[in-house]
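Undergrad: Have a look at this one.
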Amino acid sequence: MASVKLTKVKKVYDNNVVAVHDFDLDIKDKEFIVFVGPSGCGKSTTLRMIAGLEDISDGTVEIDGEVVNDLQPKDRNIAMVFQNYALYPHMTVFDNIAFSLRLQKMPEDQIYEKVTAAAEVLGITDYLLRKPRALSGGQRQRVAIGRAMVRNSKVFLMDEPLSNLDAKLRNQMRAEIILLRQKLNTTFIYVTHDQTEAMTLGDRIVIMKDGYIQQVGTPAEVFEMPKNLFVAEFIGAPKMNVMRTELKKDLNGGYTVSPFGVKLAVDGGKSEALAAKHAPTGEVLLGVRPEHITLAKEGQPGAIPCTVEVNEMMGSELHLHVVTEDGTRLIVRVPTIDLEPDQRHGLQRDSRLYITFRGKVMHFFDPESQENLLN
Amino acid sequence: MSNKRHMGLRASAHISNTLIYIVLVVMSVVWLIPFICIVLQSFRVESTWQVGYVIPQKWGWDNYVALWNSDFKRWYLNTFITALATAVGQTVFVLCMSYTLSRFRFKMRQGLMRFMLVLGMFPNMLAMIVLYRVLKDLGLTQANAVPGLILVYIASSGMGYYVSKGFFDTIPKSLDEAARVDGATRAQVLWKIILPLAKPIVIYTILTAFMAPWGDFVLARYISFGTSAGMNVAVGMYSWLQQDMIGQRYTMFCAGGVVVAIPVTILFMCLQKYYVEGVTGGAVKG
Numbered sequence: 001m002a003s004v005k006l007t008k009v010k011k012v013y014d015n016n017v018v019a020v021h022d023f024d025l026d027i028k029d030k031e032f033i034v035f036v037g038p039s040g041c042g043k044s045t046t047l048r049m050i051a052g053l054e055d056i057s058d059g060t061v062e063i064d065g066e067v068v069n070d071l072q073p074k075d076r077n078i079a080m081v082f083q084n085y086a087l088y089p090h091m092t093v094f095d096n097i098a099f100s101l102r103l104q105k106m107p108e109d110q111i112y113e114k115v116t117a118a119a120e121v122l123g124i125t126d127y128l129l130r131k132p133r134a135l136s137g138g139q140r141q142r143v144a145i146g147r148a149m150v151r152n153s154k155v156f157l158m159d160e161p162l163s164n165l166d167a168k169l170r171n172q173m174r175a176e177i178i179l180l181r182q183k184l185n186t187t188f189i190y191v192t193h194d195q196t197e198a199m200t201l202g203d204r205i206v207i208m209k210d211g212y213i214q215q216v217g218t219p220a221e222v223f224e225m226p227k228n229l230f231v232a233e234f235i236g237a238p239k240m241n242v243m244r245t246e247l248k249k250d251l252n253g254g255y256t257v258s259p260f261g262v263k264l265a266v267d268g269g270k271s272e273a274l275a276a277k278h279a280p281t282g283e284v285l286l287g288v289r290p291e292h293i294t295l296a297k298e299g300q301p302g303a304i305p306c307t308v309e310v311n312e313m314m315g316s317e318l319h320l321h322v323v324t325e326d327g328t329r330l331i332v333r334v335p336t337i338d339l340e341p342d343q344r345h346g347l348q349r350d351s352r353l354y355i356t357f358r359g360k361v362m363h364f365f366d367p368e369s370q371e372n373l374l375n
Numbered sequence: 376m377s378n379k380r381h382m383g384l385r386a387s388a389h390i391s392n393t394l395i396y397i398v399l400v401v402m403s404v405v406w407l408i409p410f411i412c413i414v415l416q417s418f419r420v421e422s423t424w425q426v427g428y429v430i431p432q433k434w435g436w437d438n439y440v441a442l443w444n445s446d447f448k449r450w451y452l453n454t455f456i457t458a459l460a461t462a463v464g465q466t467v468f469v470l471c472m473s474y475t476l477s478r479f480r481f482k483m484r485q486g487l488m489r490f491m492l493v494l495g496m497f498p499n500m501l502a503m504i505v506l507y508r509v510l511k512d513l514g515l516t517q518a519n520a521v522p523g524l525i526l527v528y529i530a531s532s533g534m535g536y537y538v539s540k541g542f543f544d545t546i547p548k549s550l551d552e553a554a555r556v557d558g559a560t561r562a563q564v565l566w567k568i569i570l571p572l573a574k575p576i577v578i579y580t581i582l583t584a585f586m587a588p589w590g591d592f593v594l595a596r597y598i599s600f601g602t603s604a605g606m607n608v609a610v611g612m613y614s615w616l617q618q619d620m621i622g623q624r625y626t627m628f629c630a631g632g633v634v635v636a637i638p639v640t641i642l643f644m645c646l647q648k649y650y651v652e653g654v655t656g657g658a659v660k661g
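Taken in sequence, the protein lines are chains A and B.
Heads up, the first sequence is in the numbering used here, so the first residue is 1 and it goes up one at a time.
Heads up, the second sequence is in the numbering used here, so the first residue is 376 and it goes up one at a time.
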């Protein structure tokens, strides 16, 4: 158990490509932190710098108050689970898990005790004498976690550990990692490109792009108050709908927007928040999440007419890809329970419908800087 | 597909297979004839001269006994020591070089690899006079040719890293990294993780390193320079083929050929599985 502090950490490769820029982060003891972002954003590089597998070009990494920049991975008291499991193919599962303990010259009886205890927790006791090639993907991942578990390390690093598993197994292993975290009660740093994993696992999420931190916050914070358009679009599936519109003030001092020529009041406290930030009127990028758009009736105030382009039946909900009259494409998530029985298998292509959304679900971004106006 | 057409295809497959087997059998016989002749001649005791027939009229071990009582014993030991020491030394050099070039990134790494590639294109013959002078100055020629030869064989062996490096490249780097996080040093990573996984290429390297000095003639003859005590089997046995010797030593020469072939044949038969894996190891990413 330990805190991890990164101060102005930078990674420059030999070809002068800067993978990570001035990365500042304080990770608290026993915190589960998730680095998330698209490919090439520097999340794995940062994790590997913490692990000691990449040199740090500038800045410092501290583990439990000690600067570890020049320490070998073995001296950092960390454990790591790799994306491709990295199990030693010539060793049995037992030997794989026991490898680090044997390097520590731990007595064999203690090794046996620790390995069997870890195997029990992970449900792999029956496979201890097998070689990794005789295991399924999920079992291999458990062995990789077991190998990290027995070391009683201060920090547990995981580099996209679930990305090689199929969707069903990924969900199952995600739940197991949550349980494991409760059992181990140590500091976790987890890298993923999957925002669902980030949202479900992390106490805090670090969203990265092009080597820069975009936002650090709890899952609720990054979802409800994205710092910029990139975070807004990256977190949430399907991604947030974004449209250009005019932000205006009405006679009462409240704000209004007029997407697709339909005037909508910015209510639900958002207007007051914009006023408090002295948000200027004019063109803005208006963001609305697909699940916050509701179906409306013809003639209802604030109803935006559109036509259905694509239906995606997800079981409990329908993802409707609709086109507004000015040709803007939007995605709407509609719970199937809210639909008429004849609509539950999907709406007919080109059928006309009306949508609307409330002010409290609106997000406003500066068209130039793409920063959230409520920052 | 009609039944008639199906029968036709089967018949044509049979004919083509038969032709292929005939060609292969003929090739095998042609290839084996010299070996069979040498083995048969080595057991011929009615005459030590070359005769006009292959199957001996009188069989016996006389040639092998004569071999044992000649300088052959010394040449064989010289060859064995040279080949064994070269196999060990070259394997260590080649594997260390291959691991380094596969896993470490350092300035001029690419340049060094290109330099070694170009250097390897020059024929070894060009260096022979210089090598002889250097070894002579060090006192490692003639009777001391064995350590001299070992030194020459091992000295530049690191440049033959290509096949092993290709094999190491196919072993995921994350295994090294996992082992380093688990607490292993670089040397422990090599010995405990990489080499057990690279068994085929280790055996391939040992075999090829053993084979070159085992059958070397040109350099060995040059360095031993007519001194029997420093000769290997190839050079020593060649002296039996001189005009004045061939009549008395021809069948002994054949027996020597058989004795020389035995260890290599056994080695290959035992390790051929690894040899093939080693040669083809880097071809397809597993």
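Positions of the beta carbon are idealized from the N, C-alpha and C atoms, including for glycine.
(1) Mapping DSSP to helix, strand and coil, what is alanine 237/A?
(2) In the DSSP assignment, what are the bridge partners of phenylalanine 32/A?
(3) Going along the chain, which residues of its own chain have a beta-carbon closer than 7 Å to the beta-carbon of glycine 217/A, five neighbours each way excluded?
(4) Tell me, please, which residues DSSP counts as bridged to glycine 287/A.
(5) For valine 659/B and threonine 45/A, I'd like the C-alpha separation in whole angstroms.
(6) How far does the alpha helix (DSSP H) with arginine 555/B in it reach, from first residue to last?
(7) Could you tell me how far apart the beta carbons of aspartate 350/A and threonine 307/A are, in whole angstroms, since I believe they sit closer than 8 Å?
(8) For the region 68 to 76 of chain A against the region 34 to 44 of chain A, are there 3 or more C-beta pairs whose distance is under 8 Å?
(9) What are the complete alpha helix (DSSP H) segments, minimum 4 residues, inside the region 123 to 189 of chain A?
(10) Starting from asparagine 438/B, follow the alpha helix (DSSP H) in both directions and report where the run begins and ends.
(11) When the distance is taken between beta carbons, is threonine 294/A closer than 8 Å to phenylalanine 357/A?
(12) What do you reckon, are the CB atoms on valine 20/A and valine 4/A nearer than 8 Å?
(13) Tell me whether glycine 661/B is buried or exposed, calling it buried when 16 or more other Cβ atoms sit within 10 Å of its Cβ.
(14) Give a yes or no on whether 8 Å exceeds the smallest Cβ distance from serine 549/B to chain A.
(15) Return no unless some Cβ of chain B is closer than 8 Å to the Cβ of leucine 53/A.
(16) State yes or no: is the beta carbon of aspartate 437/B nearer than 8 Å to at least one beta carbon in chain A?
(17) Can you confirm whether isoleucine 78/A, when its beta carbon is compared against all beta carbons of chain B, has any partner nearer than 8 Å?
(18) Which residues of chain B have a Cβ atom closer than 8 Å to the Cβ of histidine 345/A, listed in chain order?
(19) Nearest-angstrom Cα distance between arginine 151/A and phenylalanine 230/A?
(20) At a cut-off of 7 Å, is lysine 270/A close to the ligand NAP when judged by its beta-carbon and the heavy atoms of the ligand?
(21) From arginine 213/A to isoleucine 56/A, what does the alpha carbon distance come to, in whole angstroms?
(22) Anything in chain B within Cβ reach of glutamine 370/A, meaning under 7 Å, just list it in chain order.
(23) Rounding to the nearest angstrom, what Cα-Cα distance links isoleucine 145/A and serine 163/A in this structure?
(24) Evaluate tyrosine 112/A with the Cβ neighbour count: other Cβ atoms within 10 Å of its Cβ, from every protein chain shown; 16 or more gives buried, anything less gives exposed.
(25) Please report how far the alpha carbon of threonine 116/A lies from the alpha carbon of threonine 196/A, in whole angstroms.
(26) What's the C-alpha gap between proline 238/A and phenylalanine 32/A?
(27) For leucine 572/B, go through chain A and note every residue whose CB falls closer than 9 Å to its CB, in chain order.
(28) Going by CA-CA distance only, name the one from Cys645/B, Leu616/B, Val635/B that's closest to glutamine 425/B.
(29) Can you give the Cα-Cα distance for glycine 495/B and alanine 502/B, rounded to whole angstroms?
(30) Using a Cβ distance threshold of 8 Å, determine whether the region 582 to 597 of chain B contacts the region 454 to 470 of chain B, with at least three qualifying pairs required.
(31) Run through DSSP, which three-state label would glutamate 108/A get?
(32) What are the residues that DSSP puts in a beta bridge with histidine 321/A?
(33) For the alpha helix (DSSP H) containing leucine 353/A, list its first residue and its last residue.
(34) Looking only at its own chain, which residues have a Cβ that is under 8 Å from the Cβ of glycine 123/A, when we skip the five neighbours before and after it?
(35) Leaving out five residues on either side along the sequence, give the residues of the same chain with a beta carbon under 6 Å from the beta carbon of threonine 626/B.
(36) Just grab the DSSP bridge partners of leucine 25/A for me.
TA: The answer reads as follows:
(1) coil
(2) According to DSSP, phenylalanine 32/A bridges with Phe188/A.
(3) Excluding positions up to five away in sequence, the list reads Arg204, Ile205.
(4) Glycine 287/A pairs with Val242/A, His363/A.
(5) Unreliable placement is indicated for valine 659/B, whose pLDDT of 42 sits below 50; no coordinate value is reported for it.
(6) 548 to 557
(7) 5 Å
(8) no
(9) If only uninterrupted alpha helix (DSSP H) runs of at least 4 residues are considered, those enclosed by the region 123 to 189 of chain A are 137 to 149, 167 to 184.
(10) 437 to 443
(11) yes
(12) no
(13) Here glycine 661/B scores only 36 on pLDDT, less than 50, and its place in the model should not be relied on; the value that follows carries that caveat. With fewer than 16 other Cβ atoms within 10 Å, it is exposed.
(14) yes
(15) It does; some Cβ of chain B falls within 8 Å.
(16) No, no contact with chain A.
(17) yes
(18) Ordered by position in chain B, no residue passes the 8 Å Cβ test against histidine 345/A, which lies about 45 Å from the chain.
(19) 38 Å
(20) Judged by which ligands are present, the structure shown has none, so any question about the ligand NAP falls away.
(21) Residue 213/A is actually isoleucine in this sequence, not arginine. Taking the straight line joining both Cα atoms gives about 17 Å.
(22) Close partners of glutamine 370/A in chain B (Cβ separation under 7 Å) are lacking, with about 36 Å as the shortest Cβ gap.
(23) 14 Å
(24) Label assigned to tyrosine 112/A: exposed.
(25) 32 Å
(26) 25 Å
(27) Under the 9 Å cutoff, chain A gives Tyr88, Pro89, His90.
(28) Closest by alpha carbon: Leu616/B.
(29) 12 Å
(30) yes
(31) helix
(32) Val310/A, Ile331/A
(33) Counting along the chain, leucine 353/A falls outside any alpha helix (DSSP H), though it belongs to the beta strand (DSSP E) covering 352 to 356.
(34) Excluding positions up to five away in sequence, the list reads Arg142.
(35) Gln416, Arg419, Thr423, Asn438
(36) Leu6/A
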